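There are 2 protein chains.
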Amino acid sequence: MDDRIQLWNDLAAQIAVDSIRCTTKAGSGHPTSSMSCAHLLSVLYTSHLRYDVADPESLANDRFVLSKGHAAPALYAVLKAIGAISDDQLMSLREFGSPIQGHPAPVPELPWIDVATGSLGQGLAMGLGMAFAMRLDGAPGRVWVLLGDSEAAEGSVWEAVEAAAFHEVDNLVALLDLNRLGQRGPTMHEWQADAFARRAQAYGWHTLEIDGHDVEAIDAAYAEASAADRPTFIVARTEKGHGVSFLSNQEGWHGKAVPADQEGAAIEELGGIRSIAVVPPQPEEFKPMMLGELHAENPPLIDGPVATRKAFGSTLAWLTGHRPDLVVLDGEVGNSTYTEDVEVAAPERFIELYIAEQTMVGVQIGLQALGKTAFAASFGAFMTRAADFVRMGSISRANLRLCGSHAGVSIGEDGPSQMALEDLSLFRALHGSTVLYPSDGAATVKLVTEMCDLEGISYLRTTREATPALYGPDEGFPVGGSKTLSASEHDDVTLVGAGVTLHACIEAAAALANEGITARVIDCYSVKPIDASALRSALDETRIVIVAEDHRPEGGLGDAVLDALASTGLLEGTVIKLAVTDMPGSGTAAQMRAWAGIDASAIAERARTAVSRR
Amino acid sequence: MDDRIQLWNDLAAQIAVDSIRCTTKAGSGHPTSSMSCAHLLSVLYTSHLRYDVADPESLANDRFVLSKGHAAPALYAVLKAIGAISDDQLMSLREFGSPIQGHPAPVPELPWIDVATGSLGQGLAMGLGMAFAMRLDGAPGRVWVLLGDSEAAEGSVWEAVEAAAFHEVDNLVALLDLNRLGQRGPTMHEWQADAFARRAQAYGWHTLEIDGHDVEAIDAAYAEASAADRPTFIVARTEKGHGVSFLSNQEGWHGKAVPADQEGAAIEELGGIRSIAVVPPQPEEFKPMMLGELHAENPPLIDGPVATRKAFGSTLAWLTGHRPDLVVLDGEVGNSTYTEDVEVAAPERFIELYIAEQTMVGVQIGLQALGKTAFAASFGAFMTRAADFVRMGSISRANLRLCGSHAGVSIGEDGPSQMALEDLSLFRALHGSTVLYPSDGAATVKLVTEMCDLEGISYLRTTREATPALYGPDEGFPVGGSKTLSASEHDDVTLVGAGVTLHACIEAAAALANEGITARVIDCYSVKPIDASALRSALDETRIVIVAEDHRPEGGLGDAVLDALASTGLLEGTVIKLAVTDMPGSGTAAQMRAWAGIDASAIAERARTAVSRR
C-alpha cells in the first residue's frame, strides 16, 4: 500500500510540475487549475481507469472527460505519463500547428481525447452519452468526468445530473474539483463541499465528499463509485496551485503561466522534474452486443402529400432495421418531430431526454464518440438552445445528425416563440456543416438516409404542415445538388426555393407562365453545400434570381445563394431575397406566408416587377 | 372567508371555461395546460398580486411571468377578469393580426405582459431580473413566476434557482404547476412533489408542497411566500384538464383544443360561462430610488493602442456616472471583458451571475422590462450559450445590450473553444438587431455610448489584443454608417474590414500602394445595419470588393456586404470574401490570422490577383 501511495503522490507532483513546465514555456495557460486536480488524475489513471493506451478507441475502455477543459495541461501531463505522448509533444503546448492545443480537442494525432471541451458545463452530458453507449453495447466500462467548481454554475451540469439519475446510469462518475477559486475570484460556494453534495443527492446521485489531495481518500472514493448502483458525484476539496507556496489557494493566478524566473522555485517545491510512467488497469475483454432485430424492408414509400417531419420519423424508424448503430434522441417532442416512430420500431435505441436540448446534444456527442450514429430532433426554434453544444460538437469533430422541425412562419398559430427563423443561419455558420431542407416526402427519405453517412454536423429542416409530392421514389438527392424543376433556354427569371417556399415558387411560375413570363424553378434542398454551378448558370442565363425562404434574411438560403454566386466570379445580374423581415404573430400558415411576402403571390409579383424593369 | 373561497373557485372555473372557449374557437391551443393552473392564477390575481391594472408599467406593481407560455389562454382569461382585455379580444386568440397570440408576447396592445415566453425554462431567470430591478429601485414589489413541470427538465431553471438563492433575492416566488403530464406523456417525476421540493431546498430556497386546486392552501402558501426571507418555491400538485371528467389527468390532450361538439359538456361541468370581474390588491405607494452618485466626467480619452474590450469596460464605467438606469451583468469573466471596471465604479449596479450565460441574458430581459438599461458581456463564443434566450428577447421586444469579447482566431493560443467565430451570424439573424464591431478605442467609446439608447438587441464585438488608434475623440460613429479611410476617384479595388481585419486592410492597402495599386479601405464598424450606399459606390467605382473578417464565411460581414450590394440593385463586379474556413488550433494571433488567410498579406495577395485578372 505504501508503494502505491508513494506512486500516486509522485505522479501527482509530476503532473503539477509538467503542467507548470509546458505553460511556462508557452507563456500562457492554466497551471494552477491543473495542479488542483493532479491527485485526482494520478489515482484515476494509475489505479481505476481501465484503459488500453494502445487501443484508445476500444469500446471496452473506460473513458475520461475533462469537462474543465482549461486544465488541459494536466490531461496532457497524464497522457505523457501513460506513454501516449512524448515530453517534446507536451512542451509544444499552445504552439501553432501542435495538436497539444490550449484546450483539449480530439484531433487525429490525439486519439486518447474523445471530445473537445473548453466551453464549460458540457462534459457531464457528453460523459452521459458515453455511458448510454456502453449500456447499449453491454460494455463493462465506466465514464469519469472531471468538473470544475466554477462550471457548476451552468444549469447544463444539473440538467445532465437530472437525466443521468432518471435513466439510472450507474456507470457515470462525476469528480468535482472544488478548488474554491474561479477566473476572477472566489466561486459561489467556495469550499462548501456539502452545498454540491446536497444538490447531487437531491437529484438522486450517490455522493461523497473527500480531500482531493489525499490519495488514499481518492482511491477509496473511486472504489466506492465503481461499486455504486447509481451515478456517483465525488466532491473533492482541493487547492488551486496546490503544492507551491506562492500559488496555492492564491487569487490572481487563474489562467496565468508561472513566470520563467519563478518556475525553478515552483518545480523545486514539488520535488523536481520526474519521468514516471504508469500503465492504467487493462479493460475486460468484451464484445459489443448487436442491438435490435435487423430487417430489410423497403424504405417508406411516400407518394402523396406528407409533412416532411412525418417522413423524417418514418425514415428513421425504417433505418433502425438496417443500422444497428442508430440511436435517436428526443427532447420530449417526439410526437411533433415524429421520432416517436423510432420508439415504436426500436424502443431500446430511443432515448427520451425530456425538455433538455443541451443535454440532448451533449449526449449525442458522447454517443457518436463511441461509434453510434446518433440523431437528435426538436423544434428548430429550440435547437438554438443547444447552440454552444453544437458549436463545441464541431470542434469535437463530432458527427451529429440533427433535425429541426416546425420551420418558419409556416407553423402558423403557435406564434413566433415556436417558429424556427434563425436555424439555417445557426447551422450554416458551423465549420464543415451540411444543411438540408427537403420539400416533399421522397426527398426526405433520401436525405435522412444520406445523413447517416455524413461527417460533421448535419442539419435537416422539416416542415409542420403536409406538402405535396414532387418527386418519385427513385429520384436521387445528392448532398450539394439541386433540382431544376422547369427550365428553358429563354427563361426570364429564376425562382429559388427550398421546403415550403419551393412549392410557392412552383405556383408562382405557373401564374407567371399565364402572363408569358417563363420562370426557371430551382429546388435548393441542399442549402450547404449549395449547388453553385446550377445557380451560376441560372444567373448567367436569366439575369434575375429571386430567392424565397421561410427564415430571416440573414444567414439563410438567400445569403447562401449570394455567396455561391459571388464565389463563382464576376457578378452580373439581379438577386432578390424574399424572407421574413418583421416579427410575426399568430395566424394560419397561409396568412403568415402572405404577411411575410414569401408566398406564390409575393414571389410572382416580385418577378413580374423585376422582369418589367429589365 | 367563505365568500373568498367561493370567489376564488368561481374565478378558477371561469379561467378554465374561458381557456376552453377561446381555444375551441381558435381550433388549437393548450386548454388543459391552462386548466391545471386556473386556481393558482385565480388566488394570485384576486388576493396576492399587488397590481394596478390601469398602470401596468408602474414600478410599484408586483409582476407575473408565465414561464409555461403555452398556458397563454389562462393568462388571457385572467387579463379579461381584471378588465385589461375584453371577451371579444380573448376570443380572437390565435387569429391573424390579434395581439392575443398562441404564446404570450409583450406587443404594444398588451402592456400587462412584460416578457415573451413559449420557449420553456426561461421565465424564472426573467423573473429574477425583475426582482433585481425591484431591489435596485427599493421597490416593495414581488415577482411571481409560474413554471410547468415539463420545463423543470431545462437546466436553465436550476441555473436561475441557484443564482436567486446566492443573491438572497427574497421577492421572488416560483409556482410549479405539477400537472404530471408533458407533451407526449408523463413527466420524469409525475406527481412526486417532493422531488422538486428537495431540489429547490438543496439550492437554499424556502419550499412548500400544496394541492394546487385547494384555494385555501394556495392562499396560505402565497401568504407564507410573501413573508419569507428567501425565494420561495411552491410545488402545487395539479391535474391537467382539471374540472372536466373527460380531460382531467388524461393523456393525449396536450396542445389540443376541445372539439366544438364536446365544448358544451366541458363548460357545463365547470358550471357554465361566467363573467366575474376582480380587482387585484393595489400596490403600495413608492418612489424609485436614484442609484449611484452621478458625476459628469468626460468620456474616457483613448488615443493610443488599446484592446477594444478594455475600452468597452472603461466606457461602461464612465457611463454609470451619467445613467442611473445602467446595470451591468457579468458571467464570471469580468476581468476578460472588462466589465470589472463597472464593479469598481458602481458596485451596486454590477451583478455577478457566475458562469451562467442563460441566466445572465434572462436576468437582463427582466431588468429591461422594468426600465433598466442593462448590459451583459461574456466571451463572444459563450454568448452562443444564451442563443435561445436572446431569440426570445427579440420576441420580448427587449432592449438587450450585449458584448462578446475575444472575437475570432485573433485570441490566439487558447484555441477554438474560446474563439467567437459564429457570433456575428447569430446576432445578425435576430429581428431588428444591431451589430457593431469597433476597431479602436475611440470608436468603442462612441458605439458603447450609442448602445444605451438603441432599441432591440444590440451586440458589440470586441477584440482581445490591443489595436492601434485610428480615430480621434471627436469622430462620430453613427449606427448604420461606415468610414472610408482612403479613397480616390481611380481606386482599383475596395478592401472592407471591421475590428482586427480593418487594420489588416489598411496594411494591405499600404503594400499595394507601393505596387501602384490604389485600394479604397472601408471600416464597416456597423455590421448591421450596414452602410449599403458606401459599399454600392465602392463596387460601382472599383468593381472589386474584398471583404476580410475574423469569422466564419457564413452570416458575418461578408454576407452582410453581399446582401447590401444585392439589395441596391443590379450587381456588376466581383466580391471576394476572406474568412475563417477551416478549424483553427492554437498559435499566436498573427499566426492564426495568417493561417486563416485574413491578414494583410493574404488580403493584398487576393487584391493583386483580382486586379491583374480584371
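Which chain is which? The protein sequence lines are R and Y, in order.
Taken in order, the first sequence gives residues 8 to 621; the numbers are from our numbering.
Taken in order, the second sequence gives residues 8 to 621; the numbers are from our numbering.
Glycine is no exception: its CB is placed at the ideal position from the N, C-alpha and C atoms.
Please read these numbers as outputs of a predicted model, since none were measured by experiment.
Pull up the distance between the alpha-carbon of residue i and that of residue j, whole angstroms please.
| i | j | result |
| --- | --- | --- |
| L127 of chain Y | E158 of chain Y | 5 Å |
| P307 of chain R | A473 of chain R | 16 Å |
| A383 of chain R | F396 of chain Y | 21 Å |
| M599 of chain R | A45 of chain Y | 31 Å |
| V180 of chain Y | D121 of chain Y | 17 Å |
| E347 of chain R | E359 of chain R | 10 Å |
| Q21 of chain R | L564 of chain R | 53 Å |
| A545 of chain Y | S343 of chain Y | 37 Å |
| L185 of chain Y | R404 of chain Y | 30 Å |
| A603 of chain R | Q129 of chain R | 37 Å |
| L437 of chain R | G422 of chain Y | 16 Å |
| D10 of chain R | L254 of chain R | 28 Å |
| T508 of chain Y | K490 of chain Y | 14 Å |
| V370 of chain R | G192 of chain R | 31 Å |
| L224 of chain Y | S233 of chain Y | Residue 224 of chain Y is actually Ala in this sequence, not Leu. When rounded, the distance between both Cα atoms is 14 Å. |
| A228 of chain Y | I12 of chain Y | 15 Å |
| T595 of chain R | R559 of chain R | 19 Å |
| A597 of chain R | A171 of chain R | 43 Å |
| L407 of chain R | C29 of chain Y | 41 Å |
From the DSSP secondary-structure annotation, give me the bridge partner or partners of residue i.
| i | result |
| --- | --- |
| E359 of chain Y | Y:D337 |
| Q475 of chain R | Before going on, a small fix: residue 475 of chain R reads as Pro here, not Gln. According to DSSP, P475 of chain R bridges with nothing at all. |
| C410 of chain R | R:A384 and R:L467 |
| L153 of chain Y | Y:L73 and Y:L182 |
| K490 of chain R | R:D530 |
| V503 of chain R | R:I529 and R:V554 |
| A314 of chain Y | Y:A473 |
| V618 of chain R | According to DSSP, which records beta bridges pairwise, V618 of chain R is partnered with nothing at all. |
| T455 of chain R | Per the sequence shown, residue 455 of chain R should be read as Val rather than Thr. DSSP output for V455 of chain R lists no bridge partner at all. |
| L443 of chain Y | Y:L467 and Y:S533 |
Would you check whether the ligand FAD has a heavy atom nearer than 6 Å to the C-beta of residue i?
| i | result |
| --- | --- |
| D481 of chain R | This structure lacks the ligand FAD, and indeed carries no ligand of any kind. |
Smallest Cα separation from residue i: which of the options?
| i | options | result |
| --- | --- | --- |
| G411 of chain R | R:G439, R:D337 and R:I402 | R:D337 |
| A363 of chain R | R:D348, R:E347, R:F357 and R:S385 | R:S385 |
| T327 of chain R | R:G415, R:L433 and R:C459 | R:C459 |
| V251 of chain R | R:P38, R:M590, R:H558 and R:L428 | R:P38 |
| A520 of chain Y | Y:K247, Y:G504 and Y:S493 | Y:S493 |
| L112 of chain R | Y:E612, Y:M590, Y:A597 and Y:A601 | Note that residue 112 of chain R corresponds to Ala in the displayed sequence, not to Leu. Residue Y:M590 is the option with its Cα nearest to A112 of chain R. |
| H413 of chain Y | Y:L333, Y:M195, Y:V554 and Y:T315 | Y:T315 |
| A160 of chain Y | Y:T194, Y:V152 and Y:V60 | Y:T194 |
| P331 of chain Y | Y:A353, Y:A170, Y:D236 and Y:M133 | Y:A353 |
| S35 of chain R | R:R398, R:R101 and R:T525 | R:R101 |
| N68 of chain R | R:A200, R:V60 and R:K75 | R:V60 |
Going along chain A in order, which residues have a C-beta closer than 9 Å to the C-beta of residue i?
| i | result |
| --- | --- |
| K584 of chain R | No chain A appears in the structure shown, which is made up of the protein chains R and Y. |
Short-range partners of chain R found in the region 380-411 of chain Y, where Cβ spacing is below 7 Å: A388, F389, T391, R392, A394, D395, R398, M399 and I402
Every unbroken beta strand (DSSP E) within the region 530-596 of chain Y, with a cutoff of 3 residues, ordered by chain: 533-535, 551-555 and 578-585
My parser needs the beta strand (DSSP E) runs of 3 or more residues fully inside the region 213-277 of chain Y; what are they? 213-218 and 239-244
Where in the region 160-206 of chain Y do unbroken runs of the alpha helix (DSSP H), each at least 4 residues long, occur, reported from the N-terminal end onward? For the region 160-206 of chain Y, the full-length alpha helix (DSSP H) segments reaching 4 residues or more read 162-173 along the chain.
Taking only beta carbons into account, state which residues of the region 594-610 of chain R come closer than 8 Å to chain Y, listed in chain order. G594, T595, Q598, M599 and W602
Interfacial residues, the region 499-519 of chain R to chain Y, with Cβ spacing under 8 Å: none
Every unbroken alpha helix (DSSP H) inside the region 64-151 of chain R [4 residues or more]: 79-88, 94-97 and 130-144
For the region 165-191 of chain Y, list every residue whose C-beta sits within 7 Å of some C-beta in chain R, in sequence order. W165, E166, E169, F173, G189, Q190 and R191
The region 354-380 of chain R: which residues have C-beta closer than 9 Å to a C-beta of chain Y, in chain order? E359, L360, Y361, I362, A363, E364, Q365 and T366
According to a CB-to-CB cut-off of less than 9 Å, which residues of the region 337-350 of chain Y neighbour chain R? Here the close residues are D337, G338, E339, V340, G341, N342, S343 and E347.
Please identify, using Cβ separations under 9 Å, the residues of the region 94-110 of chain R that lie next to chain Y, in order along the chain. L100, R101, E102, F103, G104, S105, P106, I107, Q108, G109 and H110
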